[in-house]
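Each remark here refers to the structure printed beneath this line.
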Amino acid sequence: MRSMIHRNNLNISVRLATREDAKRLNEIEEACIPKKLRYGPSILASLLSMTSNYITLAVELAEGKKAKIIGFAMGEQDDDKKSLGRIVTIQIDPFYQHRQLGSRLLAELETRLQNSYNINTIELQVHYQNEEAINFYQKHAYKIKKQLRNYYVRGEHAFLMEKKLKKLNFSLKRSFQP
Ligand SMILES: CC(C)(COP(=O)(O)OP(=O)(O)OC[C@H]1O[C@@H](n2cnc3c(N)ncnc32)[C@H](O)[C@@H]1OP(=O)(O)O)[C@@H](O)C(=O)NCCC(=O)NCCS
């Protein structure tokens with residue numbers, strides 16, 4: 004399912020990403036994330052191949068007859084605790100940041116995770132110095148639960164953030180069916 008949105012006169016749509024999108028997602032990651040914290044092309048490609056409890060959404064900008072991915076978000080259901088979801092990453096091409104695209108993508112990913120896997124809580128890990136992202140998540144009702152020391156590599160800590168989801172109503176469930 005593709006949903007159309009118009010943001011600041013940008014012709015934007017959101018769709019499920021596939022393995023074919025790996026190269027472009029890697030370009031966005033290189034523009035967004037410091038080298039030592041990146042997934043890199045091979046991990047991104049393997050994450051895109053996971054379909055059973057994993058969702059990757061891409062936000063696309065229409066340019067004439069072509070469309071270009073300008074951001075993406077990945078989420079999953081926890082392997083053990085089935086009521087728990089996780090935002091794995093969300094990244095918007097720096098040129099298109101601050102236009103509410105991240106907010107739109109996060110809301111759609113949360114709804115799809117909830118709808119597909121019936122989760123009631125979403126957690127995420129964010130670098131403890133990534134103030135922009137921490138602000139972004141706090142704006143969307145995520146709360147810092149604790150610090151995870153040396154989470155990425157030695158000296159690179161993370162905050163664990165969490166959000167309790169509101170129950171979906173029936174009409175919203177239907178409109179977001181993948
Ligand atoms: C975090 C990110 C996804 C936000 O996407 P975005 O499209 O720019 O965000 P939005 O325009 O939807 O912003 C929504 C709110 O988040 C907060 N926010 C976003 N960017 C911010 C910044 N640079 N500084 C402070 N607050 C910020 C603001 O409260 C903003 O609300 P406002 O527009 O009313 O001020 C984007 O900045 C990004 O890709 N960052 C690099 C990758 C990254 O660090 N991802 C998160 C960890 S995986």
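Counting in our numbering, the sequence shown runs from 4 upward without gaps. For glycine and all other residues, C-beta sits at the position ideal for the given N, C-alpha and C.
>> Judging by CA-CA distance, which residue of 63, 169 and 159 is the nearest neighbour of residue 14?
In response: For the purposes of this step, residue 14 is taken as the residue at position 11 of the sequence shown. Checked all of 63, 169 and 159; the closest Cα to residue 14 is 63.
> Apart from the five residues on each side of it in sequence, which residues of its chain come closer than 6 Å, Cβ to Cβ, to residue 117?
Replying inline: As a position in the sequence shown, residue 117 is number 114, starting the count at 1. Closer than 6 Å at Cβ, skipping near neighbours: 168 and 171.
> In the structure shown, what three-state DSSP assignment does residue 54 receive?
Replying inline: Counting from 1 along the sequence shown, the entry for residue 54 is found at position 51. Reduced to three states, the DSSP call for residue 54 is coil.
> Taking 7 Å as the cut-off, does the CB of residue 2 come closer than this to any heavy atom belonging to ligand 1?
Replying inline: Any question about residue 2 goes unanswered here, given that the chain covers just 4 to 181.
> Taking Cβ to Cβ, would you say residue 92 is nearer than 8 Å to residue 51?
Replying inline: Your numbering for residue 92 matches position 89 in the sequence shown. Your numbering for residue 51 matches position 48 in the sequence shown. Not closer than 8 Å, so no.
> Just the residues with CB closer than 6 Å to a heavy atom of ligand 1, in chain order, which are they?
Replying inline: 35, 36, 92, 93, 94, 95, 100, 101, 102, 103, 104, 105, 106, 129, 133, 135, 136, 138, 139 and 142
> Roughly how many angstroms separate the alpha carbons of residue 85 and residue 53, rounded to a whole number?
Replying inline: Residue 85 sits at position 82 when you count from the first residue of the sequence shown. Residue 53 sits at position 50 when you count from the first residue of the sequence shown. One C-alpha to the other measures close to 17 Å.
>> Please list the terminal residues of the continuous beta strand (DSSP E) segment that includes residue 73.
In response: Taking the sequence shown and counting its residues from 1, one reaches residue 73 at position 70. Looking at the DSSP string, the run of the beta strand (DSSP E) that includes residue 73 is 69-80.
>> Along the chain, where does the alpha helix (DSSP H) containing residue 114 start, and where does it finish?
In response: Position 111 of the sequence shown, counted from the first residue, corresponds to residue 114. 104-120 is the span of the alpha helix (DSSP H), which, as asked, contains residue 114.
>> Measuring only the C-alpha atoms, how far is residue 180 from residue 74?
In response: Counting from one through the sequence shown, the residue named residue 180 turns up at place 177. Counting from one through the sequence shown, the residue named residue 74 turns up at place 71. Here residue 180 scores only 48 on pLDDT, less than 50, and its place in the model is too uncertain to base an answer on.
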